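Q: Got a structure for you, written out below as structure tokens; questions coming shortly.
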Amino acid sequence: MEKNKNNQVKLSLGLFVVYFLVLIWIILFKMQISFNTLPHFRGLNLIPFAGSVIKNNQLDYNEIILNMIVFIPFGLYLSMIKLNWSFWKKTVSIAGVSLLLELLQFLFEIGGTDITDFISNTLGGVAGIGFYIVFSEIFKEKTNKVLNISALIGTICIVILGLLISRVVTYKF
1 MEKNKNNQVK
11 LSLGLFVVYF
21 LVLIWIILFK
31 MQISFNTLPH
41 FRGLNLIPFA
51 GSVIKNNQLD
61 YNEIILNMIV
71 FIPFGLYLSM
81 IKLNWSFWKK
91 TVSIAGVSLL
101 LELLQFLFEI
111 GGTDITDFIS
121 NTLGGVAGIG
131 FYIVFSEIFK
141 EKTNKVLNIS
151 ALIGTICIVI
161 LGLLISRVVT
171 YKF
């Protein structure tokens, strides 16, 4: 039983690494294939739910929701890998990574550093922790196995989709 649990944690860790690389590609590299096409601008917004998320004088919920969605797996994976960590330790870790990614965008002039992104990323990660808690109540000791199978299928689909998109972009069909 313990060996199976260790194998599940190892699989979770491997899937988390793939997810994290995709997350960096999305946030820092703006899903670009070439470094030459990266935008070079440095923005800073320290007012929550203002600035970059205001479109036509209205709050653009799409960006906020997408930021939350992209960080939900972070909370799930962290819960799968760090079973003994408290809710708050996981939350602080997610917030720290989100802050680091926002600061790297500013430092390397590859996007806007936005407090709203930080908040929505962190909330997405917290939602992931919450989903893990719910799944734990439903699936009990099989939680990591069920989530790993789902994550593996999702990861394969995302990698195939990414390859197809990059091929389309590369060959400009």
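Take the sequence shown: its letters are residues 1 to 173, numbered as in the UniProt record's numbering.
Yeah, the Cβ is synthetic: ideal placement off N, Cα and C, and Gly gets one too.
Quick caveat: nothing in here was measured; it's all calculated off a predicted structure.
1. In chain order, what residues of the same chain lie with their CB nearer than 8 Å to the CB of Phe173, ignoring the 5 residues before and after it?
2. By a C-beta neighbour count over all protein chains shown, 10 Å radius and 16 as the cutoff for buried, is Ala50 buried or exposed?
3. With three or more beta-carbon pairs closer than 8 Å as the criterion, would you say the region 9-29 touches the region 69-84?
4. Short of 8 Å in beta carbon distance, which residues of its chain neighbour Ser150, apart from the five on each side in sequence? Order them along the chain.
5. How is Phe173 classed by DSSP in three states: helix, strand or coil?
6. By how many angstroms is the C-alpha of Tyr132 removed from the C-alpha of Thr91?
7. By Cβ distance below 8 Å, which residues in the same chain neighbour Val159 in space, the five residues on each side in sequence not counted?
A: According to the structure shown:
1. For Phe173, the predicted model reports a pLDDT of 46, less than 50, meaning its position is unreliable and no value from the coordinates is stated.
2. Ala50 should be labelled exposed.
3. At 8 Å Cβ cutoff, the stretches touch.
4. Counting only residues of its own chain and dropping the five nearest sequence neighbours on each side, Ser150 has no CB closer than 8 Å to any other CB.
5. The pLDDT assigned to Phe173 is 46, lower than 50, so where the model puts this residue is not dependable, and the model offers no usable value.
6. One C-alpha to the other measures close to 13 Å.
7. So the qualifying residues of the chain are Val18.
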